[in-house]
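In the numbering used here, the protein residues as written are 9 to 875. Ideal Cβ placement from N, Cα and C applies to all residues, glycine included. Given the structure is predicted, the values throughout are model-derived calculations rather than measurements. Report on one structure; see the data block that follows.
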């Protein structure tokens, strides 16, 4: 047989030599006058018809008349209802009435139906006429009660098996010529050695090479297998059709007897099911091809499929099927779920939430809620579902949590407060829902809690609240306490009182008051207290799978770590927060704060490019942008300041300040924009504005009394004004010395050391540099460590002043012959900035003119400092 796609009969009979020889022997015996019967069995696609055709051809070659009959199911008829027209029956009977031997080849006997089988049995057992050999092709699953017909009671059986790999390779070569090994392997794996599938696949994808061939082969294989499954499904009788459906739904979980119950049939021989070739069996039934289940279930209407899953769940519940499987079936069972489904769906949904499978959890908890309706567990389900949905479908989560406050028949105070607690983290948009709950509150404690949470939902919610009278002032809730503490904090008033109130507010199970309390403690420099509160919030939120709470807590934790100088810990907290929620579920204000803290960590590590990339990804808000946008502006301003781009830094920091003032956020501990803006203004030639900013920042920082905020203002004052540099930086170091904001203290130390070197106080410089170096080495602050080491070495070896990286870069461009204007263009800064850099550099190097710059740089060497 030639290659290249020309098909002959031999292609269908690869590895069928023994079967062909067995039939020839029976045909030879028929020629000698011996009658008999042969049953050719095998699953669909194994080549029964090809073997029947070969037996007919061999009989004709031997001069034996052949009568061929094929039972075909009429269109629209049920399986097993085929028949033969009366005229054809008479014609076949007449052919076999002759006294000479004859071969009767009958295909698809399993479709004959009772009437056809009775006729075939009678024909095979007739007494008149010559000897006959009856060769029948029949599906393996078929069971034929042949009565007293001896020939059919004990026929010669030929069981067709799948092709071996060598057989598949031979068919591929015959049909498509030489093909690569991976092609044959793919065909063999997909077809499972079924000859009809091998032929169909190779005909539709006859060859080629490379990835394109394998992609095409994968597509063709899926289509061929799908068509094969459809043919098998259409060819089996009703009892097997029902059983195939049951197996497709629950074959891996239910034992075979339960599957028969699900199918609504009496016990069926398992071998009959396996003989369809669609499933295999070890400890449980499994599909031969992945497409089998989808093709079978795709034949059912949605209602039929839902009912099948519902029945499977009912049977599985009594058969100790795992709850996860039951929940999956109940999920697909439609609205007619049994009442017991609520408990299973809720338990599995909650476990899925705990494992981080949020989509699954939300879906199952939603099904539980639908099944429960208005029952007694509705409130608990609304809370669980809303908590989970906030992580993936924020609008839906807020809607379900809001239902706990809006629905009049839900009165559980703990559930209502828990829902309001989560809603309040969403900001001012949720206040109408909280107010609706407030109006329907049934106790003073609930009313106080809801009122306080509505305050927390808005930055200025505590002021002039028209509903303040709704609660008893002598019984404040934790949320009201937290709101009062925050109100004092943002105004930089009565730090001691704010800290006391915050500690009292932290004694609650609600999340939002504890988060606000932790931030107040952080801004008030009680970093240890803030850490303790955050630890409890993180533990409780993790246990409750309240992901929206987790991201808020991790954000504060990252800021706490940043202030303590634990930059790696802060980075890890931010990374965990970003993994916690789907991107579309993040509140934009919170995401901006995360970006701002990440930028500050990058800036401290002098990863300026990484910080700039984050800044570039933040589009300006359409409205005010809230505190999150102010924080981004602040971080961008600090970034420009570190790069010594003074004008850009001043613009960003003043815009940050304008927005902060508009929101009533006056505490420098929040964002110390005045101090940094003063440094930028002073460097940009605006000393008077810088002086006003420093004075204002000092007043506010001293009023608040947190050492970290005051120390930063003092340090910035030292950077802004040369005449006050040493005294201001000395004050900053003294202020920060006992403070847990170790990174600020470390930077103040190294700035003091550099200033002392410039002032000629080598002893002070060396002492400050050594302490800064030890602190930076302990915490891994490489930029601070490098600057401190440089200063200490210069103190020890007397090698002169330290230039900042930007100062040295500008000086080197000047030495290279560039004008001040060209340097400004190259550095993308103003001409005034370049002039200030060079003036400061001349002063630090002790020179008066540009021509002395090259020699002075050579004497200083390669050492540079920070901004």
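Sequence-distant Cβ neighbours of residue 800 in its own chain, meaning closer than 7 angstroms and more than five residues away, are 774, 777, 778 and 781. In this chain, the alpha helix (DSSP H) harbouring residue 784 covers 770–787. The DSSP assignment places 555–572 and 575–588 as complete runs of the alpha helix (DSSP H) inside the segment 552–608, in order along the chain (cut-off: 4 residues).
Beta-bridge partners of residue 166 (DSSP): 48. A Cβ-Cβ separation of about 30 angstroms leaves residue 228 out of contact with residue 251 under the 8 angstroms criterion.
Distances from the CA of residue 724 to each of 681, 749 and 710 were compared; the closest alpha carbon is that of 681.
The continuous stretches of beta strand (DSSP E) do not include residue 418, and DSSP gives it neither H nor E. Per the DSSP secondary-structure output, residue 146 pairs in a beta bridge with 49. With contact defined as three or more Cβ pairs closer than 8 angstroms, the segment 825–845 and the segment 688–696 are in contact. Taking the C-beta atoms as reference points, residue 137 is found no nearer than 7 angstroms to residue 168.
Note on the segment 681–717: whole alpha helix (DSSP H) runs with a minimum of 4 residues are 681–691 and 695–712, in chain order.
Closest option to residue 98, judged by alpha-carbon separation, among 118, 108 and 77: 77. Between residue 317 and residue 337, the C-beta spacing is below 7 angstroms. DSSP places residue 289 inside the beta strand (DSSP E), whose first and last residues are 287–289. Assignment of beta-bridge partners to residue 294 by DSSP yields 288.
DSSP, read as helix, strand or coil, puts residue 238 in helix.
As DSSP reads the structure, residue 78 sits in a beta bridge with 115. For residue 634, the uninterrupted alpha helix (DSSP H) run begins and ends at 634–650, by DSSP. Secondary structure of residue 811 (DSSP, three-state): strand. By the C-beta criterion, the segment 695–704 is judged not to be in contact with the segment 516–527, since fewer than 3 inter-stretch pairs fall below 8 angstroms. Residue 658 holds the alpha-carbon nearest to the alpha-carbon of residue 728 among 790, 74, 32 and 658.
For the pair of segments examined, the segment 228–245 was found not to touch the segment 265–275: the number of CB pairs separated by less than 8 angstroms stays below three. Remark: C-beta atoms of residue 149 and residue 283 approach each other more closely than 7 angstroms. In the structure shown, the three-state DSSP call for residue 515 is coil. The three-state reading of DSSP puts residue 140 in strand, counting E and B together. By the Cβ test, the segment 715–724 is in contact with the segment 733–743, since at least three Cβ pairs between them sit closer than 8 angstroms. When secondary structure is reduced to three states using DSSP, residue 110 falls in the strand class. Closest by C-alpha distance to residue 420, out of 391, 768, 789 and 544, is 391. Taking residue 797 as the centre and dropping the five residues before and after it, the same chain places the C-beta of 777 and 781 closer than 8 angstroms to its C-beta, in chain order. Restricting attention to 579, 363, 189 and 259, the CA atom closest to the CA of residue 551 is found in 363. Just measuring C-alpha positions, the residue of 418, 495, 203 and 60 sitting nearest residue 672 is 495.
The Cβ-Cβ distance between residue 536 and residue 510 does not fall below 7 angstroms.
In terms of CA proximity to residue 425, 455 leads the group 455, 447 and 407. Contact between residue 166 and residue 27 holds, since their C-beta atoms are separated by about 5 angstroms, short of 8 angstroms. The C-beta distance from residue 274 to residue 399 rounds to 49 angstroms, too long to fall under 8 angstroms, and the pair is not in contact. By the neighbour-count criterion, in which 16 or more other beta carbons inside 10 Å mark a residue as buried, residue 79 falls on the buried side.
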